[in-house]
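Q: Supplied in structure tokens, the structure appears directly below.
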Ligand SMILES: Cc1ncc(C[n+]2csc(CCOP(=O)(O)OP(=O)(O)O)c2C)c(N)n1
Ligand code: SF4
Ligand SMILES: [Mg+2]
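Residue numbers (this note's numbering), protein chains in the order written: chain P, 87 to 386; chain A, 261 to 354.
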């Protein structure tokens, strides 16, 4: 168990990159390098990160990175894994790093295929709950009620449960994370690095530009997402579900903050009615009933 | 560490990009509010360092923050997260 002070000071996300001020995914990317070091190869599709990288011929990323088509992250990563094996190059971690649109929508078949082939890599979905790069269109990961440019009055459908979809592939490791809890995320990455096979980590990464809040609240909102129970921190290791701190203390509803505290800080939820909020609260409570059962020794 | 090209001319003609400090220039120009650290309050917890999306906070020898104003975009996360309110935001002069 590392502490924040023990994390390495080297930076592989270089200063002066193109992310918006207060970008949550950028915090997660910095943490990725702090956890895995520089012996990684990133595969990044079209997404905000491909902008954050900076304009050709410059890049803000200090490790090898391959840009690939929007739908192809896991396919390209599979190819790199195969090439490394062929060349007998060991000790390199291949990481697919894609947005929610690139994962839960267009990239899902390549990812499902890679998982079924038991490809030895880490796939990370950083979820800002919309298509950020192209100006905030709805994705399958956009939550109910959220404004996006294509859901001007709020999305009417619910968020896809991507970590459970990945768990249904019977891969050895699935986890959720949030950059507001850096040690939890770093520990999960370090654990994933040591496991052979497909590892999937889904990070909720607040985005001030898309979620319509002021830039200083990124970390605060990530914490509120967890404290309200809207986003639970858990691991599914070889099918065994386990809640992680601080989510493991939130099974009792009385310990969870009302979802309204999280929703009210964000402009994208401005049009929610009291009924909408009650509906979201009810869904969260139902999710937690499921987490409680899963945590008591039920194999997914 | 990473090779830093000073100009496009240094780079061979290639579809490869090179790791570069300030790939988008001095992003400190984007800033509206400037974080300032009161070192007498700082407890050296390093939370501001780990939460900075821009890697614009370095750790000094004693683990207190050193803000790189050339690149800090002024998001204010450091000030918001500092548990003892040692960092405050101030509007940049016109
Ligand atoms: C096949 C294809 N369709 C559409 C696009 C345009 N496009 C580029 S990035 C992007 C949105 C990416 O959203 P997401 O994966 O959530 O990442 P984010 O930008 O939010 O980080 C879209 C639609 C594309 N590059 N390729
Ligand atoms: S749109 Fe959101 S995710 Fe994309 S760079 Fe800006 S803050 Fe980051
Ligand atoms: Mg997105």
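Think of the CB as a built atom: it goes at the ideal place given N, C-alpha and C, for glycine as much as any other residue.
Does the beta-carbon of residue 261 of chain A have 16 or more other beta-carbons within 10 angstroms, so that it is buried, or is it exposed?
A: For residue 261 of chain A, the pLDDT reaches just 48, beneath the cut-off of 50, and the residue's location in the model is therefore unreliable, although a value from the coordinates is still provided. So residue 261 of chain A counts as exposed.
Q: Hey, would you say the C-beta of residue 218 of chain P is under 7 Å away from at least one heavy atom of ligand 2?
A: Result yes, Cβ under 7 Å from ligand 2.
Q: Interface residues of chain A around residue 146 of chain P at Cβ under 8 Å?
A: In chain order: 279, 280, 283, 284.
Q: With a threshold of 8 Å between beta carbons, is residue 325 of chain P in contact with chain A?
A: Not one chain A Cβ lies under 8 Å of residue 325 of chain P.
Q: Would you check whether ligand 1 has a heavy atom nearer than 7 Å to the C-beta of residue 135 of chain P?
A: Under cutoff, so the answer is yes.
Q: CB of residue 225 of chain P to nearest heavy atom of ligand 3: below 7 Å?
A: For ligand 3, at least one heavy atom lies less than 7 Å from the Cβ of residue 225 of chain P.
Q: How about residue 222 of chain P and residue 235 of chain P: are their beta carbons less than 8 Å apart?
A: Taking 8 Å as the Cβ cut-off, residue 222 of chain P and residue 235 of chain P qualify as a contacting pair.
Q: Can the beta-carbon of residue 88 of chain P be found closer than 8 Å to that of residue 272 of chain P?
A: Yes, the Cβ-Cβ distance between residue 88 of chain P and residue 272 of chain P is below 8 Å.
Q: Does the distance from the C-beta atom of residue 286 of chain P to that of residue 249 of chain P stay below 8 Å?
A: Yes.
Q: Does DSSP classify residue 183 of chain P as helix, strand or coil?
A: Residue 183 of chain P: strand per DSSP, three-state reduction.
Q: When you check each C-beta in the region 270-293 of chain P against every C-beta of chain A, which residues fall closer than 8 Å?
A: So the list is empty, because no residue satisfies the distance condition.
Q: What are the start and end residues of the beta strand (DSSP E) that includes residue 262 of chain P?
A: Looking at the DSSP string, the run of the beta strand (DSSP E) that includes residue 262 of chain P is 259-263.
Q: Any heavy atom of ligand 1 within a distance shorter than 7 Å of the CB on residue 184 of chain P?
A: At least one heavy atom of ligand 1 is nearer than 7 Å to the Cβ of residue 184 of chain P, so yes.
Q: Alpha carbon to alpha carbon, how far is residue 314 of chain P from residue 335 of chain P?
A: Cα to Cα, residue 314 of chain P sits roughly 12 Å from residue 335 of chain P.
Q: Can you find a heavy atom of ligand 3 that lies under 7 Å from the Cβ of residue 193 of chain P?
A: Outside the cutoff, so no.
Q: With a cut-off of 8 Å, do at least 3 Cβ pairs link the region 162-174 of chain P to the region 134-145 of chain P?
A: At 8 Å Cβ cutoff, the stretches do not touch.
Q: Report the rounded CA-to-CA distance for residue 352 of chain A versus residue 321 of chain A, giving the unit in angstroms.
A: Taking the straight line joining both Cα atoms gives about 28 Å.
Q: Which residue comes first and which comes last in the alpha helix (DSSP H) that contains residue 330 of chain A?
A: Per DSSP, residue 330 of chain A belongs to no alpha helix (DSSP H) and is neither H nor E.
Q: Under a three-way DSSP split, which group does residue 352 of chain P fall into?
A: Reduced to three states, the DSSP call for residue 352 of chain P is coil.
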